[in-house]
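**Q** In my numbering, the protein residues as written are 105 to 414. All C-beta atoms, glycine included, are put in the ideal place defined by N, C-alpha and C. Input: one structure, supplied below.
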């Protein structure tokens, strides 16, 4: 059981709104800041076209383990002020730092037991935030990359091609269209822009975010982190190379536990058969897989018990 209440905080002149979930046990509680993947996501991790619910489900699972959580609406999403499209990759880290500071000031929160739990972009946000020197008891990096952003997107393009329907793959071959090369050309166009928002191929692009992401390599930041890390990625992830778990372990400055989760996708659901992005919409009707929530809960419980943070 748990209780929830609204928590608001300011970042760069914006009023951001979130939900503080507290276990129904005496506080102050060890607490995790939940950081979502990319896109205009609300505090639950939902996009208006795809209700992922990742942060909502993590909050519920952690509450049962005695861990409080904060999750919040991104700029220009839900009840938070501002505009999403001009928001940069580093702006998201600034917002997370403001959220982390707001958590530390809460009476129900144990400021000496603050964790960062990030998924996808949120894992990179957690990495950057910890590297800035904020005091954290540990990081959970779900589906986290560990290489230059431009490399990540090229790898994605190479993985996605075989998962496309056969008629689409045939059309690409007939057009002699190299998907990875096209992605690289688009990167060059984006890097040449100076505005916050642009259009590439008729599609609106968050250019500021993309420029910053394309140039970001998390490995130097990982080396600055002495806090313990749990890094977990699914074998069916088509957006982050599961081999990056090894890079995280090699470059982090503190202890790392890695978990390679069988048949888990980038959206943290179980996927039988061949890896496919096309199955996401069907699969997100199911909850986040218990292998994921279990790994997060068990690791955080162990960290709290070992450090005597209860």
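Does the segment 319-337 come close enough to the segment 352-362 to have 3 or more Cβ pairs within less than 8 Å?
**A** Output reads yes: the segment 352-362 touches the segment 319-337.
**Q** Whether or not the segment 218-225 and the segment 378-389 are in contact is what I'm after, with contact meaning three or more pairs of Cβ atoms, one per stretch, closer than 8 Å; do they touch?
**A** They do not touch, by the three-pair rule.
**Q** Need the endpoints of the beta strand (DSSP E) that residue 136 sits in, please.
**A** That run of the beta strand (DSSP E) goes 133-139.
**Q** Could you work out which residue in 396, 128, 147 and 127 is closest to residue 111 when comparing CA atoms only?
**A** For the residues 396, 128, 147 and 127, the minimum Cα distance to residue 111 belongs to 147.
**Q** Compute every distance between the C-beta of residue 135 and the non-hydrogen atoms of the ligand MN, then say whether any falls below 7 Å.
**A** In terms of ligand content, the structure shown is empty, and the ligand MN therefore cannot be addressed.
**Q** Identify the continuous alpha helix (DSSP H) that holds residue 176 and give its terminal residues.
**A** Not the alpha helix (DSSP H): residue 176 falls in the beta strand (DSSP E), residues 172-176.
**Q** Quick check: the Cα distance between residue 105 and residue 128, rounded to an integer number of angstroms?
**A** Approximately 6 Å between the Cα atoms of the pair.
**Q** For residue 169 and residue 318, I'd like the C-alpha separation in whole angstroms.
**A** The alpha-carbon atoms of residue 169 and residue 318 are separated by roughly 37 Å.
**Q** Just to check my reading of the structure: residue 166 and residue 401 have Cβ atoms closer than 8 Å, yes? What is that Cβ distance to the nearest angstrom?
**A** That pair is a contact at about 6 Å.
**Q** Between which two residues does the beta strand (DSSP E) harbouring residue 362 extend?
**A** Residue 362 -> beta strand (DSSP E) spans 360-365.
**Q** Can you find the residues in the same chain that come closer than 7 Å, C-beta to C-beta, to residue 393, ignoring five residues on each side of it along the sequence?
**A** These residues qualify, in order along the chain: 368, 372, 373 and 374.
**Q** Decide if residue 136 is buried, meaning its Cβ has at least 16 other Cβ atoms within 10 Å, or exposed.
**A** Buried: at least 16 other Cβ atoms inside 10 Å.
**Q** Against chain C, with Cβ distances strictly below 8 Å, would residue 287 count as a contact?
**A** Here chain C cannot be found, since the structure has a single protein chain.
**Q** Select from 322, 343 and 366 the residue whose C-alpha is nearest the C-alpha of residue 353.
**A** Here the closest residue by C-alpha is 322.
**Q** When burial is assigned at 16 or more other CB atoms within 10 Å of the CB, is residue 409 buried or exposed?
**A** Its Cβ having fewer than 16 others within 10 Å, residue 409 is exposed.
**Q** Could you spell out the range, first to last residue, of the alpha helix (DSSP H) harbouring residue 159?
**A** Where residue 159 is concerned, the enclosing alpha helix (DSSP H) stretches over 158-168.
**Q** Going by C-alpha distance, which of 171, 252 and 125 is nearest residue 406?
**A** When only C-alpha atoms are compared, the closest one is 171.
**Q** From residue 370 to residue 256, what does the alpha carbon distance come to, in whole angstroms?
**A** Distance between the alpha carbons of residue 370 and residue 256: 13 Å.
**Q** Here's the rule I'm using: 16 or more other beta-carbon atoms within 10 Å means buried, otherwise exposed. How should residue 324 be labelled?
**A** Label assigned to residue 324: exposed.
**Q** Looking at residue 142: is its Cβ nearer than 8 Å to the Cβ of residue 224?
**A** Against a cut-off of 8 Å, the Cβ pair of residue 224 and residue 142 comes out as a contact.
**Q** Report the residue from 349, 341, 348 and 243 whose alpha carbon sits nearest the alpha carbon of residue 377.
**A** If we check each option's Cα against that of residue 377, 341 comes out closest.
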